[in-house]
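Numbering (UniProt numbering), first residue to last: 1 to 459. Every residue, glycine too, gets a C-beta built ideally from N, C-alpha and C.
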Amino acid sequence: MLLHSVISTNSLWARSQRPILPSLFRCSCKSNDAFTSVSSREDCNDFLPWLGNKAGCEISSLLSIGKSAYGRALCAAKDIQSGDCLLKVPYSVQLAPDNLPPGIACLLGDEVGDVAKVALLILYEKQLGKKSEWAPYISRLPLPADMHSSVFWSDEELEMIRLSALYEETLKQKKQIEKHFFAVKLVSDNFPTRLQNITLQDFTYAYGLVTSRAWVSSRGVSMIPFADFLNHDGTLDSYVLSDEGRQHSEVIADRDFAPGDEVLIRYGKFSNATLLLDFGFTVSCNCYDQVRVELNVPQHNALYTQKLEVLGRDRTPRIKDDNEFTYYENSFTIREVGSGSRWGKGIPQSLRAFARIMACDSQQELHDLAKEAAENDGRLARKPLKNKNRELAAHQLLLSEMSRLIKDHDEHIKSLASTPPTLREKSALRQKLATDLLSGELRVLESASAWLESYCSRL
Ligand SMILES: C[S@@+](CC[C@H](N)C(=O)[O-])C[C@H]1O[C@@H](n2cnc3c(N)ncnc32)[C@H](O)[C@@H]1O
């Protein structure tokens, strides 16, 4: 998943881009000298003038590069008012698939996607070293040791998140990267450069750089130097905007900033699973967290075949959101249910419908549900069952599934807390990321369970 920037209001034609904490956190670039490394001071001095020179225009007069607890960061260089344009980065100084040298691009087949192309471009420029026209940017990208997306985790580390849908998504993403890598390798003997020697490890690293700091615009997947130094706060209303008319990306301040304040943006409304897969970090108490729940009709159920047949006829279209991973017919995404929620907003209707089908005890009941669906909009079992006992049984079934998942998550989080991380800093950080992920899922499950209990008690 890549970052989509939002359409700028003054664009003639625009497409969404995205880079793929609460503003409780604010760093002071000015006063926090302990955090300001030599390299970040160099950044402040050299990087922006270099980029402005390359672009032929000023990129930003309001921001400077600093360091925060989240790595490199952008901070207010002077007073900023809400509505000010913080930066403008022309497309001409963004790295997109069409920057690949034609001699390489023409060798790549259609199976090599945009992310893979930009990853290859980064590796190409990296190998050119100081001779690269992008060297000041490429040399400031994070090193593999600083990247924590779950695709970089060892098998042992991945075991920490086995309970989450992210586990499978990570394996899928690794396979996808491998597929792209082999597609690239297939033709690499003919590459006119030392790119012939790239390894899967190099490629995975570059791929991770792209998923964690590229946006999508009309030029395709693009790395946006300078804008990609902005860190994420899911509560904010500032995004990277894509002005297709003027061919630049920009960010507008959503609040006032004093000199030295860190300026953050919202990458998207992302769950911790998405943040961890694409960006390698998590946020505690993330309101976008969600859990995937899978339900199956037990094979020993007397109406097994009939139930599958009825479920197979459900014509309800499913809408995928930014956080949704692989789509399975029998998997449902639950979000946090507000404690005062009367309707269980957060628990999908399709999940409750599935449970109602599961709770049916006779052919006649199934037939009645299917008939009702056909007479309406084809959506199955969306209304409470007329038979209260059946309605109760359906929701108790969900409740018992929630209880099982809650117990598993709770035990797993406790076991993580009692396992001392190895002495390495990286392991401790990844253990914290796994704990944040599972704790967020546990919070969602508990909220759903509380709602279901209350619903059952009202029946
Ligand atoms: C688009 S870059 C932002 C600039 C980055 N800090 C740097 O050093 O270049 C995205 C990366 O910044 C870090 N990051 C951004 N927001 C964060 C947050 N709220 N918490 C922790 N890390 C964050 C993560 O390492 C993420 O992969």
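Check whether the Cβ of Arg266 sits closer than 7 Å to any heavy atom of ligand 1, and report yes or no.
No, the Cβ of Arg266 stays beyond 7 Å of every heavy atom of ligand 1.
For Asp289 and Asn301, which I take to be in contact (beta-carbon distance under 8 Å), what is that distance rounded to the nearest angstrom?
The Cβ separation is near 32 Å, so there is no contact.
Given the structure, does Ser212 come close to ligand 1, in the sense that its CB is under 7 Å from one of the ligand's heavy atoms?
Correct: Ser212 has its Cβ closer than 7 Å to ligand 1.
Does Gly338 come out as helix, strand or coil in the three-state DSSP assignment?
Coil at Gly338, not helix or strand.
Taking the alpha carbon of Asp233 as the point to measure from, which residue in Glu391, Ser92, Tyr70 and Leu303 has its own alpha carbon closest?
Looking at the Cα atoms, Tyr70 is the closest of the given residues.
Can you tell me whether Ala73 sits near ligand 1, meaning its C-beta is under 7 Å from at least one heavy atom of the ligand?
Yes, ligand 1 has a heavy atom inside 7 Å of this Cβ.
Could you round the C-beta distance between Arg356 and Ala394 to whole angstroms and report it? I think they count as a contact, below 8 Å.
Confirmed, Cβ separation roughly 4 Å.
Just verifying my parser: in three-state terms, what is the DSSP assignment at Met358?
Residue state, collapsed to three classes: helix.
Just the C-alpha distance for Gly340 and Lys78, rounded to the nearest angstrom, thanks.
Distance between the alpha carbons of Gly340 and Lys78 is about 44 Å.
Between the alpha carbons of residue 463 and Val291, how many angstroms are there, rounded?
The structure shown does not extend to residue 463, since the chain spans only 1 to 459, so no value can be given for it.
Could you tell me the alpha carbon to alpha carbon distance between Arg458 and Trp451, rounded to whole angstroms?
Taking the straight line joining both Cα atoms gives about 11 Å.
Nearest to Cys360 by CA position, among Trp343, Leu380, Asn376 and Arg443, is which residue?
Ranking the options by Cα distance to Cys360, first place goes to Leu380.
What's the gap between the Cα of Leu86 and the Cα of Lys54?
About 19 Å.
Which residue spans inside the stretch 228–269 form an unbroken beta strand (DSSP E) run of at least 3?
Runs of the beta strand (DSSP E) inside the stretch 228–269: 241–243, 248–252 and 262–265.
If you draw a straight line from the C-alpha of Leu166 to the C-alpha of Glu125, how long is it?
Taking the straight line from one Cα to the other gives about 32 Å.
For Ile161, which of helix, strand or coil comes out of DSSP?
Coil.
So Ala227 and Val89 are supposed to be a Cβ contact under 8 Å. How far apart are they, rounded?
Yes, they are in contact, since the Cβ atoms of Ala227 and Val89 sit about 5 Å apart, within 8 Å.
On the premise that Asp256 lies in contact with Ile80, defined as a C-beta separation below 8 Å, what is that separation, rounded to the nearest angstrom?
Ile80 to Asp256, Cβ: 6 Å. Contact.
Going by C-alpha distance, which of Gln94, Met160 and Val251 is nearest Ala214?
When only C-alpha atoms are compared, the closest one is Gln94.
For Trp343, count the other beta carbons within 10 Å of its own beta carbon; 16 or more makes it buried, fewer makes it exposed. Which is it?
Exposed: under 16 other Cβ atoms inside 10 Å.
Quick one: measure Cβ to Cβ for Ser350 and Gly280, integer angstroms, because I've assumed they're closer than 8 Å.
Going by Cβ atoms, the distance from Ser350 to Gly280 rounds to 32 Å, so no, they are not a contact pair.
Cutting at 8 Å between CB atoms, please list the residues of its own chain near Lys386, excluding the five before and the five after it.
Around Lys386: no qualifying Cβ.
Let me check you understand the geometry: is the CB of Phe281 closer than 7 Å to at least one non-hydrogen atom of ligand 1?
Yes - ligand 1 has a heavy atom lying nearer than 7 Å to the Cβ of Phe281.
With the cut-off set at 8 Å, would you say Glu453 and His409 are in Cβ contact?
Cβ atoms of Glu453 and His409: not closer than 8 Å.
Less than 6 Å between C-beta atoms, sequence neighbours within five positions excluded: which residues of the same chain meet that for Ala370?
The answer, listed in chain order, is Val310.
Given this structure, state the Cα-to-Cα distance separating Tyr207 from Glu294, to the nearest angstrom.
Whole-angstrom Cα-Cα distance: 30 Å.
Going by DSSP, what residues sit across from Glu294 in a beta bridge?
Beta-bridge pairing links Glu294 to Ser331.
Shorter than 7 Å, the distance from the beta carbon of Pro102 to the closest heavy atom of ligand 1, or not?
Pro102: no, Cβ never under 7 Å from ligand 1.
Taking C-beta to C-beta, are Gly109 and Ala183 nearer than 8 Å?
In contact: Gly109 and Ala183 (Cβ atoms closer than 8 Å).
Applying the criterion that 16 or more other CB atoms from any shown protein chain within 10 Å of the CB defines a buried residue, is Ser284 buried or exposed?
Result: exposed.
Give the secondary structure of Cys106 by DSSP, where H, G and I count as helix, E and B as strand, and everything else as coil.
Coil at Cys106, not helix or strand.
When DSSP labels each residue in this structure, what does Pro136 get in the three-state scheme?
Three-state result, Pro136: helix.
Indicate the three-state DSSP secondary structure (helix, strand or coil) for Cys75 in the structure shown.
Correct three-state label for Cys75: strand.
DSSP has Met223 in a bridge; who is on the other side?
Paired residues: Leu95 and Ala214.
Can you tell me where the beta strand (DSSP E) holding Ser68 begins and where it ends?
From DSSP, the beta strand (DSSP E) with Ser68 extends over Leu63 to Ser68.
Under the criterion of a Cβ to heavy atom distance below 7 Å, does Pro348 qualify as lining ligand 1?
Result no, Cβ not under 7 Å from ligand 1.
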